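Worksheet: one structure, shown below.
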Amino acid sequence: MRPRTPRLTAALLALIAGLVSPLPQAAAAEPSSPPVADYCQGQCADILPPGENGNATLAEILAHRLFGTRPAHSSDQLGPYNDLVAGHTSLTDDTLTEFFNDSSFGVPEDQVASVTRPRPDVTITRDKKTGVPHIQGTTREGTEFGAGYAAGQDRLWLIDLFRHIGRGQLTPFAGGAPANQGLEQQFWPLAPYTEKDLQAQIDRITETGGERGKQAMADAQAYIDGLNAYREQSKNGRYFPGEYVLTGHIDAITNAGEIEPFKLTDLIALASVVGGLFGNGGGGEVQSALSLLAAQQKYGVAEGTKVWESFRMRNDPESVLTVHDGQRFPYAGKPDRARGSALPDRGSVTPEPLVFDRTGAAADSGKPRAKDPVKAPKKLKPLQGIFDDGVLPADLFSRPRGMSNALLVSGEHTASGNPVAVFGPQTGYIAPQLLMLQELQGPGISARGASFAGIGMYVQLGRGQDYSWSATSASQDITDTYALELCEPDGSPPAKDSTHYRYRGSCKPMEKLEQRNAWKPSLADSTPAGSYRMQVYRTEYGTVTHRATVGGKPVAYALLRATYRHEADSIIGFQMLNDPGHVRGARSFQRAAQHIDYAFNWFYADSREAAYYNSGLNPVRAPGVDASLPVKAGKAYEWRDFDPVANTAAYTPPAQHPQSIGQDYFVSWNNKQALDYSSSGFGNGSVHRGDLLDDRVAALVGRGGVTRASLTRAMADAGLADLRGEAVLPELLKVLRSKPMTDPRLAAAAGKLESWLDAGAERRETAPGSHTYTHPDAVRIMDAWWPLLVEAAFKPGLGTELYDALRANIPVDESPSAGHGPTGSHAGSSFLSGWWSYVDKDLRRLLGEPVKGRLAKAYCGNGDLSACREALLASLGQAAAKPATEVYPGDASCTAGDQWCADAIIHRPVGGLTHDTIHWQNRPTFQQVVEFPRHR
């Protein structure tokens, strides 16, 4: 069992007496297992805030809320992570471990905190510094059992929470808070499965995955067995996570109630959540069609299409690239002559209804929110209502989800002659983290790193004996929208709400999938009782998302994702990455990544090579099909070799995926992968946050002698930069300074912006803990000015309808203080999607500078420099006049006008523990710094 060592006062012990049984004692430290071959020699490091321990008993949650104490290792990685903001400027290789953990294999004997043996063939050794589980099995089954057991020790509540999200059952499990309702309504339509569907995916891996597939399912079952062993022991021993009491699943006094056993199909549900958040790409074709129609309405079909294409930026020649050596990888480009496109008639599109039969609190949406708090023991009153705002944001799955970054330099440009890598995923700041650290050592498995809780049979991002790997979300287009011609089985004229469609010459019924949810108030969530039914129609072409007419005929738009019904197929690729017998170098790494179906950019480094591979089930589309727009449903327009039963098709071969070995350097921040590899979203052009990395790494490579410290400094410096300030403000100031500025107020505002730009356009404290930026007025002005200047430059020319339609395709801004990140406001990740490329290209054209891939028309000032300048000056005046209290209106965590706090990272608690607020960084949540000096 997991040792617990809270520091409790006598008063607190008296307060919680009778609520829980005594906490389990820490196991005695024992010598660690014999060391495994480790070729990194102390030059591998990682970090994952806030801490490894994501479980807290009821006593520990109560102690935290009353006295601010936290369980051991629940928050000890947050401080070093935050300290890099100030410390990176003087960083050296010798001081890296002040900000990162040593990720060497094993635990030195004098650093062993505890050893647990959940069964005879596996030990779980935890280190004193971070409490990370180092799992060593003498059998493969024992190793995986230990992984599941350790996952229960560290993330039991979180795993349970996310399996219910994956099944569309969040409200019955965690409560009916409006945010919980919104979250399950966002996710369930993306992956609506029956239990039979989930089991079919397990069977498919076993039956079609060969020996590796059979081994993967055996590993998964052993993992589930270990997870269930801890679940049962913690329940019987009364040291289970306290959230089960707070949400009404277990009685604090009698211990009555149950933690539902886990089963293999839960892993599929969990995998669908992870894939939905980080590994999808494409979709949105209906909204793209609406903006295209708006452009054609304003400019005519031919000219409007040109305008729309220039904003779409599928293959912009000025985009920053991960593969920059000239290789081309054509995919999902604009066809020379499109065929089968199914644009809706103007004004005919309606979203498909999802929620029906609302009762109680579910029927009260739109009304002032009521509460129905349960009667709580006096001792537990401090915990009442902790989930009233939900466990996660309602729109978690609807926000842009490009995250993570990677910086790698090949050995010819490093001081040591070995490749150096700094890379990791941005998975959002939730507590406990969705990822957890672990080391796995057993027959055929040797790795340390991060795994998604609940599907941690293997390390998904981390290091092996002499190599390391990581990933960024790629988001290439693996999802299409089909327009299904509706029909009625009796031959009568169909309506938009008809539930039959034409398929292979017949009128086929849609399959109705339903999920009925009901909830009642609990101590944690005082939302009154309520219920509803969610309903999705599934077709051979995916799930129905919209209804419309095309050429006057009613259609249903259905979304078809290549990875639908294949949520866990990627398990074989991860198994290979953990197998030292498979990964021997860059080529074998790429072969492993080819077995991962989700859209990711994979990076690799060993002592000899740095490498890259883009994974994903890229369907082979029918000739002439435009992947950016809805297409007619029919055999002529389907994916090649499409089989709807298992949702399989022909996919582009590995050689057609962007890849490289030994390029001088690689960067990725969810930017364009390579020439001709079309971006799935709008606005991926001349200015992208990937430029913040590319400029800095290119400069390092040009100077030579790159080290782990210098590459980490480049990452950290980019993570404090304001993309608008660094990349677009110079052009804005050129326009403003094209004539003398006579208004003192505007001149002063421009001067502040210039000073900020000269200092690096960063959002950084004057000193650690000051909570004041070095150029607060300039940052305030930029935050206020950007949306105003975009509107002033583009809305007059585009017109309201087209301007609004394009804003639905891509947001105008993603500043740190906006509520856009993967966990809502205070989420760190910033500047992924915005109108910066549009502004940059438009102003450079106006200034007479060279522009490749120009917008189809000039917008600011209708192409007149003086008129543009006046529009920008007017918007600057508005921005400068806005007080900080208006620019940063405040929220539950920050007072109005507190600029630093508005930007700051705050871990969203999905359990009973909260964590300290830290300085904003645009940085991976889990991150590795690696340099292998030797190879096997």
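Each number in the working numbering corresponds to the 1-based position in the sequence shown with 16 added. Glycine included, every Cβ here is placed at the ideal spot set by N, Cα and C. It should be emphasised that the depicted structure is a prediction, and the values quoted were computed from it without experimental measurement.
Check your understanding: Which stretch, first to last residue, makes up the alpha helix (DSSP H) that contains A311?
Key -> Counted from its first residue, the sequence shown places residue 311 at position 295. 301-315 is the extent of the alpha helix (DSSP H) around A311.
Practice item. Could you pull out every unbroken beta strand (DSSP E) segment of at least 3 residues lying fully inside the stretch 669-749, listed in chain order? Key: 675-677, 681-684, 691-693
Point to revise | Sequence-distant residues of its chain with Cβ nearer than 7 Å to S695 (five each side left out) | key: The residue labelled residue 695 in the question sits at position 679 within the sequence shown. Cβ within range, chain order: M329, R330, K688.
Review point. Using a Cβ-Cβ cut-off of 8 Å (strictly less than) and excluding sequence neighbours within five positions of A27, which residues of its own chain qualify?
Key: Sequence index remark: in the sequence shown, residue 27 carries index 11 (1-based). Model confidence at A27 stands at a pLDDT of 41, short of 50, so the residue's coordinates are unreliable and nothing is read from them.
Review point. Exposed or buried, F372, counting other C-beta atoms within 10 Å across all chains shown (16 or more means buried)?
Key: Working through the sequence shown from its first residue, we reach residue 372 at position 356. Exposed, because fewer than 16 other Cβ atoms sit within 10 Å of the Cβ of F372.
Check your understanding: Counting Cβ pairs closer than 8 Å, one from the stretch 695-707 and one from the stretch 361-381, do we hit at least three?
Key -> Segments in contact, no.
Check your understanding: Using DSSP with H/G/I as helix, E/B as strand and the rest coil, what is D585?
Key -> Start at 1 with the first residue of the sequence shown, and residue 585 comes out as number 569. Reduced to three states, the DSSP call for D585 is coil.
Check your understanding: In whole angstroms, what is the alpha-carbon distance linking H340 and G706?
Key -> Taking the first residue of the sequence shown as 1, we reach residue 340 at position 324. Taking the first residue of the sequence shown as 1, we reach residue 706 at position 690. Spanning the two alpha carbons is a distance of roughly 13 Å.
Check your understanding: What separation, rounded to the nearest whole angstrom, lies between the Cα atoms of L545 and L94?
Key -> For the purposes of this step, residue 545 is taken as the residue at position 529 of the sequence shown. For the purposes of this step, residue 94 is taken as the residue at position 78 of the sequence shown. In the sequence as displayed, the identity of residue 545 is Ala instead of Leu. Those two C-alpha atoms are separated by around 37 Å.
Exercise for review: Give a yes or no on whether the C-beta atoms belonging to V717 and Y681 are separated by under 7 Å.
Suggested key: Residue 717 sits at position 701 when you count from the first residue of the sequence shown. Residue 681 sits at position 665 when you count from the first residue of the sequence shown. Yes; because the gap between Cβ atoms is below 7 Å, this pair is in contact.
Point to revise | Cβ separation of V438 and V945, assumed to be a contact under 8 Å, to the nearest whole Å | key: Position 422 of the sequence shown, counting from 1, holds the residue named residue 438. Position 929 of the sequence shown, counting from 1, holds the residue named residue 945. That pair is a contact at about 5 Å.
Exercise for review: Tell me whether G84 sits in a helix, a strand or coil according to DSSP, three-state version.
Suggested key: Your numbering for residue 84 matches position 68 in the sequence shown. G84: coil per DSSP, three-state reduction.
Check your understanding: In its own chain, which residues sit with a C-beta less than 6 Å from the C-beta of K251, not counting the 5 before and 5 after it?
Key -> Taking the sequence shown and counting its residues from 1, one reaches residue 251 at position 235. Around K251: I275.
Exercise for review: Buried or exposed for P47, please, with buried defined as at least 16 other CB atoms from any protein chain shown within 10 angstroms of its CB.
Suggested key: The residue you call residue 47 lines up with position 31 of the sequence shown. Since pLDDT at P47 reaches only 47, below the 50 mark, its modelled position is unreliable, and the value read off the structure follows with that caveat. Flag for P47 reads exposed.
Point to revise | Contact under 7 Å by Cβ, P194 with V552 | key: One-based indexing of the sequence shown puts residue 194 at position 178. One-based indexing of the sequence shown puts residue 552 at position 536. Not a contact, by the Cβ cut-off of 7 Å.
Review point. For F616, which option in G589, W852, R600 has the closest C-alpha, if you only look at C-alpha atoms?
Key: By one-based count along the sequence shown, residue 616 stands at place 600. Closest by alpha carbon: G589.
**Study point:** Proximity to T941 [Cα-Cα], best of G928, R950, I922
**Key:** Here the question's residue 941 lines up with position 925 in the sequence shown. Ranking G928, R950, I922 by Cα distance to T941 puts I922 first.
**Study point:** the stretch 744-752 in contact with the stretch 780-788 per 3-pair CB rule at 8 Å
**Key:** no
Check your understanding: With a CB to CB cut of under 6 Å and the five nearest residues on each side skipped, what residues in its chain are close to T155?
Key -> Along the sequence shown, one-based indexing puts residue 155 at 139. Cβ within range, chain order: D137.
Check your understanding: Does DSSP classify Q944 as helix, strand or coil?
Key -> As a first step, residue 944 must be located in the sequence shown, where it is residue number 928. Reduced to three states, the DSSP call for Q944 is strand.
Practice item. Please name the residue in Y854, N878, L881 whose C-alpha comes closest to that of K868. Key: Along the sequence shown, one-based indexing puts residue 868 at 852. Nearest C-alpha to K868: Y854.
Practice item. Assess, as a yes-or-no matter, whether the stretch 233-244 is touched by the stretch 512-528 under the definition of 3 or more beta carbon pairs within less than 8 Å. Key: no
Check your understanding: Would L862 pass as a contact of L881 if the rule is Cβ separation under 7 Å?
Key -> Along the sequence shown, one-based indexing puts residue 862 at 846. Along the sequence shown, one-based indexing puts residue 881 at 865. Going by C-beta atoms, L862 is nearer than 7 Å to L881.
Point to revise | G376 (DSSP reduced to helix, strand or coil) | key: Within the sequence shown, numbered from 1, the residue matching residue 376 stands at position 360. The answer is strand: DSSP assigns G376 an E or B state.
Check your understanding: Which whole runs of the alpha helix (DSSP H) in the stretch 262-307 are 4 residues long or more, in chain order?
Key -> If we require 4 residues or more, the alpha helix (DSSP H) runs fully inside the stretch 262-307 come out as 280-294.
Review point. Is the stretch 610-629 touching the stretch 423-435, taking contact as three or more C-beta pairs under 8 Å?
Key: Taking a cut-off of 8 Å for Cβ pairs, the stretch 610-629 and the stretch 423-435 touch, as three or more such pairs fall below it.
**Study point:** Separation of T495 from G300, as counted between CA atoms
**Key:** In the sequence shown, counting from the first residue as 1, residue 300 sits at position 284. In the sequence shown, counting from the first residue as 1, residue 495 sits at position 479. Cα-Cα distance, rounded: 9 Å.
Review point. Under 7 Å, do P792 and W936 count as touching if we go by C-beta distance?
Key: By one-based count along the sequence shown, residue 792 stands at place 776. By one-based count along the sequence shown, residue 936 stands at place 920. Cβ atoms of P792 and W936: not closer than 7 Å.
Review point. Just curious, the alpha helix (DSSP H) that M233 is in, first and last residue?
Key: One-based indexing of the sequence shown puts residue 233 at position 217. Note, M233: alpha helix (DSSP H), 226-253.
Point to revise | Nearest-angstrom Cα separation, counted from A268 out to S37 | key: By one-based count along the sequence shown, residue 37 stands at place 21. By one-based count along the sequence shown, residue 268 stands at place 252. The predicted model places S37 with a pLDDT of 44, which falls under 50 and marks its position as unreliable, so this point remains unresolved.
Practice item. Compare the Cα-Cα distances from Y165 to each of A666, M452, S420 and report the closest residue. Key: Sequence index remark: in the sequence shown, residue 165 carries index 149 (1-based). If we check each option's Cα against that of Y165, M452 comes out closest.
**Study point:** Bounding residues of the beta strand (DSSP E) (the contiguous stretch that carries N421)
**Key:** By 1-based counting over the sequence shown, the position of residue 421 is 405. Element bounds for N421: 421-425.
Check your understanding: At which residue ranges does the stretch 583-660 contain complete beta strand (DSSP E) runs of 3 or more residues, listed in the order of the chain?
Key -> 616-622, 626-631
Point to revise | Strand pairing of F439, partner residues [DSSP] | key: Along the sequence shown, one-based indexing puts residue 439 at 423. Paired residues: A422, Q944.
Check your understanding: P510 to A499, Cα distance in whole Å?
Key -> Reading the sequence shown from its first residue, position 494 is the one you call residue 510. Reading the sequence shown from its first residue, position 483 is the one you call residue 499. One C-alpha to the other measures close to 14 Å.
Check your understanding: Quick one, which of V475, P448, L539, A466 has its alpha-carbon nearest G460's?
Key -> Here residue 460 corresponds to residue number 444 of the sequence shown, with the count starting at 1. It is V475 whose Cα lies nearest to the Cα of G460.
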